[in-house]
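Residue numbers (this note's numbering), protein chains in the order written: chain L, 3 to 364; chain B, 3 to 364. Think of the CB as a built atom: it goes at the ideal place given N, C-alpha and C, for glycine as much as any other residue. Below: one structure, written as C-alpha cells.
2 protein chains.
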Amino acid sequence: MSDTPTSGRVRRAATLADVGREAGVSAMAASAVLNAPTTSTRISGETRERVLAAAQKLNYRPNQTARGLADRRMNTLGLVGILAGDEPNLYFLEVFNGISQEAASRGQNVTVFNVGSWQDAYHQVRMYCDGRVDGLILLAPIIDAPASEWLPEHAPVVAVHPNYQVPGVPNFRSDDEGGAFLAVSHLLQLGHRRILHVGGPEGSVGADLRLQGYERAFREAGIELPPDHAVRGAYTAAGGSGALEDWLQLHRGKRLPEAIFAASDAIALGCIERLQARGLRVPEDVSIVGFDNTLYARAARLSTMAQPLGKLGRLAVQALLKLIDARRIGGSYTGVEEEVLPTELIDRSTLAGPRRSDLLIA
Amino acid sequence: MSDTPTSGRVRRAATLADVGREAGVSAMAASAVLNAPTTSTRISGETRERVLAAAQKLNYRPNQTARGLADRRMNTLGLVGILAGDEPNLYFLEVFNGISQEAASRGQNVTVFNVGSWQDAYHQVRMYCDGRVDGLILLAPIIDAPASEWLPEHAPVVAVHPNYQVPGVPNFRSDDEGGAFLAVSHLLQLGHRRILHVGGPEGSVGADLRLQGYERAFREAGIELPPDHAVRGAYTAAGGSGALEDWLQLHRGKRLPEAIFAASDAIALGCIERLQARGLRVPEDVSIVGFDNTLYARAARLSTMAQPLGKLGRLAVQALLKLIDARRIGGSYTGVEEEVLPTELIDRSTLAGPRRSDLLIA
DNA sequence: CTGAAAGCGCTAACAT
DNA sequence: ATGTTAGCGCTTTCAG
C-alpha cells in the first residue's frame with residue numbers, strides 16, 4: 003500500500019509464487035489448485051480455499067507467456083495476409099471473421115501479421131513462427147514452389163486461396179473456375195454476347211481460374227469469344243476502374259460491351275463508378291456481375307457470385323488445429339491437401355437483358 | 003537425417019543451445035552474435051562466422067515466447083472488440099486497419115481478442131493481459147465505472163470510442179455531437195424539417211451524442227423538433243431497417259419524414275433498403291445521411307459524416323506504445339486523457355431538397 | 001496430499 | 001572476448 007504510483011494502474015503482476023507465499027503454501031500447490039484439470043495431484047479443500055482467497059486478493063492472473071514456454075503451446079494462431087493495401091480489404095474482413103469466431107469458440111486467439119506484400123513476406127514469415135503462435139494461416143498468399151523452403155518447418159501451416167499448392171500445406175479455396183463459368187453462362191443466357199472480363203492481377207491463380215471459367219462458358223455454349231475480351235488489374239475498386247477505363251480508351255468508337263464480369267466485388271464497384279462517370283446506367287446500358295459477395299455487393303446492390311468466405315476461414319482453423327494437436331502427440335497427420343467449396347449466384351440489381359440498340363464507346 | 007517424419011514439415015525448432023553446440027561455443031555466445039545491438043560484449047569475427055553458419059544450417063529462429071518471458075515484453079498489442087455480431091463490422095475493419103499499420107511500422111504485432119459482447123467481456127479481458135500482450139486497445143467498448151476494477155492493472159490500456167471515460171485510460175474518439183450537428187444542420191439548410199433520426203443503441207454514449215447533436219441543430223436553427231423524432235437500434239443494417247420499419251408502422255397514415263439522419267452507415271443502408279422495399283426513392287422521396295464513411299458508404303454512394311477511423315487507430319497505438327515504454331522505465335506517465343477528432347460531411351448521392359408534395363406513410 | 005527440483009529458451013550480470 | 005550463473009513464471013516429474 004506504500005507505493006501507489008501516480009498513474010494508479012501500473013503494477014507488477016502477482017505470480018504463482020506470490021500467491022503461494024500469501025497462502026502459506028508452495029508455488030506449485032497454488033498452481034495445482036489454480037489449474038484443477040491439468041494436474042493429477044489433488045489438493046485438500048482447506049488449502050484450496052486459502053490459495054483461492056490469496057489469488058483473489060492478489061488479483062492473480064496466469065502468465066500465458068511463461069505457460070507457453072513451459073508447455074510449448076500458446077493457444078494462438080497466426081494469420082498472415084495483406085489486411086489492406088490502398089483500400090481496406092473486405093475479403094480479408096470476411097475470412098478473418100470466420101477465422102476469429104472459430105478460433106474463439108475453441109479457446110484460441112489469433113494474431114494478425116499484416117505483411118506489406120507477398121514479395122518479401124518470407125522475410126517476415128520465418129520470424130513469425132517463433133513460439134508465440136502454434137501455427138499459421140496464410141490468407142490469399144502469392145507464393146511459389148520455393149515457399150516450402152522458407153515456410154516454418156516446426157509449426158503447421160494452412161492456406162486459404164493460395165496461389166500455389168505447397169506440399170504439406172492444406173489449402174481451402176472456392177471454386178473460382180466453376181463460379182466464373184456459372185456467372186458468365188448466366189450472362190450468356192440473358193442474351194449478352196459482348197461480355198468484358200475485368201479480371202484480377204496476373205500471377206494470381208484465382209484470377210487465372212476465373213478467366214478460364216469465363217472462356218469455358220463461351221466454349222460450352224458454342225459461342226465465339228469476343229475479341230480482346232479480358233483486361234486484368236488489381237483486386238480493388240481503383241484497379242477495376244482503371245482497367246476498364248484503359249480498355250474503353252483502347253476501343254473508342256467501337257461498340258460498348260453489353261455486360262461485364264468482374265473478378266471481384268471491388269473491381270465491379272470500380273467499373274460501376276467508371277460507367278456512371280461516363281453517364282452510362284447499370285444495368286440498363288451495361289449489366290455487371292461481381293465475385294465474392296462481400297458487404298460491398300450488398301451495399302451496392304450488386305449481383306455477384308457468392309463464395310463462403312467465413313466458412314473458408316472456419317475450415318482453415320479447424321484443419322490447423324488438427325495439425326497442431328497431431329503434432330503434439332508426435333503424430334505425422336497431414337490432413338487434406340485441398341478442399342474446394344462451391345459458389346452461388348446472388349442476383350441483386352445489376353443484371354438485365356441486353357439493350358435493343360448498341361451503344362458506342364465515347 | 004534418420005527421422006524424417008511422413009509429413010516432412012514438422013520438426014523441433016533449433017534453440018540457441020543447439021546453435022552454440024553446433025558452432026562449438028556457448029549458448030550465450032550464440033545469443034550475443036545473433037543479437038548484435040542488444041548485447042554489449044562483442045564477439046570475435048571468427049566465432050561470429052561459425053555461429054552464423056550454424057544458425058543458418060540449423061535454420062535457427064529466436065523463440066519470442068522465451069524472449070518475452072525473459073524481458074517481459076512481447077512486442078504485441080491486444081485489440082479487444084466485437085469483430086462482428088450478426089454482420090461483419092466495417093467500423094472495426096477500418097480502425098483495425100489503422101491500428102495494424104501503425105503497429106507494423108513500429109515492429110509490433112496485434113492479437114485480436116474477439117469478445118462476444120461487452121456484457122461479459124470483463125471475464126475475458128482479465129485473462130488477456132497475461133504477458134502475451136504488452137498492452138490493450140479497447141475498441142468501442144461498452145463499459146462503465148466499475149471497469150477500472152477489472153481492467154488489468156499491470157498493463158496499459160487505451161480506448162477508441164469508449165462508452166465511458168475510465169480514469170487512467172486515454173481515449174480517442176471523434177466528435178459525435180459536432181458531426182451530428184453538422185449533418186442535421188445541413189439537412190435543415192436543404193429545407194428539410196421532418197427529419198427522423200435512426201440512432202444507435204441505448205447505452206452507447208456515441209449514440210447519445212449523435213442524438214444530442216441532432217437536437218442542438220434544431221435548437222440553434224430556432225426550429226421546433228418534430229414529434230417523436232428519434233428511434234434507436236443496433237448499429238447494423240438490420241438494426242436500422244427494423245427501427246425504421248417500427249417507426250413507420252407506428253406512424254402509418256401520417257406524413258413521411260423528408261429526411262433521415264442515420265447514426266451509422268450500416269443503419270443508413272438498412273433504411274435505404276427498407277425505403278426501397280416500400281417503393282420509395284432516395285433521395286427523391288427521402289434524403290439520407292449516414293455516419294462513419296466506411297466502405298459501405300462508398301459502395302452505396304451514401305452521403306455521410308466521415309470520421310477518421312484509421313487515424314483513431316493509429317493514435318491509439320502511438321499512445322499505447324508511449325504508455326508501455328514509460329512503464330518499462332518505471333515512469334508514471336499517463337498521457338492524454340482524451341482526444342477528439344473532427345468529422346466532415348462527404349456528400350455523395352443521397353441528399354436532395356424536400357419534395358414539393360408530402361407523401362403519406364403506407 | 002504436498003513440496004522440491006529441473007527445465008522450457010532466452011537474457012542479463014557477473015566472472016574469467 | 002568468452003563462459004558461468006541465475007532467473008523470467010509456469011509445469012511436470014519425482015520424492016516425501
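Whole angstroms is fine: what's the gap from residue i's alpha carbon to residue j's?
i, j, result
"L:D287", "L:R303", "16 Å"
"L:G83", "B:N65", "22 Å"
"B:L60", "L:L81", "25 Å"
"B:L184", "B:H194", "14 Å"
"L:G312", "L:P90", "17 Å"
"B:V127", "L:N295", "33 Å"
"L:I274", "L:G70", "50 Å"
"L:G133", "L:M76", "7 Å"
"L:S4", "B:T336", "Its pLDDT being 31, under 50, L:S4 is placed unreliably in this model, and the value from its coordinates should be taken loosely. In a straight line, the C-alpha of L:S4 is about 20 Å away from that of B:T336."
"L:L343", "L:L95", "19 Å"
"L:K256", "L:G281", "17 Å"
"B:P259", "B:R330", "56 Å"
"B:L1", "B:L325", "A question about residue 1 of chain B goes unanswered here, because the residues of chain B that appear run from 3 up to 364."
"B:Y216", "B:P229", "14 Å"
"L:L227", "L:R221", "8 Å"
"B:A31", "B:D20", "12 Å"
"L:A16", "B:T306", "48 Å"
"B:L347", "B:P356", "19 Å"
"L:D231", "L:S119", "The amino acid at residue 231 of chain L is misidentified as Asp; the sequence shows His. Each residue's Cα considered, the two are about 29 Å apart."
"B:V338", "L:L213", "53 Å"
"B:D327", "B:G137", "10 Å"
"B:G242", "L:S351", "21 Å"
So that I know if they touch, is there some Cβ in chain B lying closer than 8 Å to that of residue i?
i, result
"L:P148", "no"
"L:D132", "yes"
"L:P90", "yes"
"L:Y298", "yes"
"L:A318", "no"
"L:L353", "no"
"L:V284", "no"
"L:H163", "no"
"L:R330", "no"
"L:V338", "no"
"L:V288", "no"
"L:V195", "A small fix is needed here, since residue 195 of chain L is Arg in this sequence, not Val. Judged by the 8 Å Cβ criterion, L:R195 is not in contact with chain B."
"L:L314", "no"
Strictly by DSSP, which residues pair up with residue i?
i, result
"L:R234", "L:G201"
"L:E340", "L:N173"
"L:N77", "Answer is none; L:N77 lacks a bridge partner."
"B:F183", "Its beta-bridge partners do not exist; DSSP assigns none."
"L:M2", "There is simply no residue 2 of chain L to check, as chain L begins at 3 and stops at 364 in what is shown."
"L:N116", "L:G83"
"L:V160", "L:I139"
"B:A264", "B:V200"
"L:R257", "L:L362"
If you measure from the beta carbon of residue i to each beta carbon in chain L, is any gap under 8 Å?
i, result
"B:D5", "Unreliable positioning characterises B:D5 in this predicted model, as indicated by a pLDDT of 33, which lies under 50. A coordinate reading is not provided."
"B:S266", "no"
"B:R276", "no"
"B:Q66", "yes"
"B:V53", "no"
"B:N37", "no"
"B:N142", "Correcting the residue identity first, residue 142 of chain B is Ala in this sequence and not Asn. Output row for B:A142: interface = no."
"B:R23", "no"
"B:A236", "no"
"B:T306", "no"
"B:V112", "yes"
"B:G10", "A caution first: B:G10 carries a pLDDT of 35, below 50, which makes its placement in the model unreliable, though a value can still be read off. Chain L, which has a Cβ nearer than 8 Å to the Cβ of B:G10, makes this yes."
Handout entry: Members of the stretch 115–131 of chain L that neighbour chain B once the beta carbon cut-off is set at 9 Å
Key = F115, N116, V117, G118, R128, M129, Y130 and C131
Closer than 7 Å, Cβ to Cβ, to anything on chain B: give me those residues from the stretch 68–90 of chain L, in chain order.
A68, G70, L71, M76, T78, L85, A86 and P90
Could you check whether the stretch 319–332 of chain L touches the stretch 102–111 of chain L, counting it as contact only if at least three pairs of C-beta atoms, one from each stretch, sit closer than 8 Å?
yes
**Request:** Closer than 9 Å, Cβ to Cβ, to anything on chain L: give me those residues from the stretch 93–108 of chain B, in chain order.
**Result:** F94, L95, E96, F98, N99, S102, Q103, A105 and A106
* Using 8 Å as the Cβ pair cut-off and three pairs as the minimum, do the stretch 231–251 of chain B and the stretch 266–273 of chain B touch? -> yes
Practice item. Report the residues of the stretch 204–227 of chain B with a CB closer than 9 Å to any CB of chain L, ordered along the chain. Key: none
* Asked: Taking contact to mean at least 3 C-beta pairs separated by less than 8 Å, is the stretch 141–149 of chain B in contact with the stretch 165–177 of chain B?
  -> yes
### Message
Taking contact to mean 3 or more Cβ pairs, one atom from each stretch, closer than 8 Å, check whether the stretch 17–29 of chain B and the stretch 52–59 of chain B are in contact.
### Response
yes
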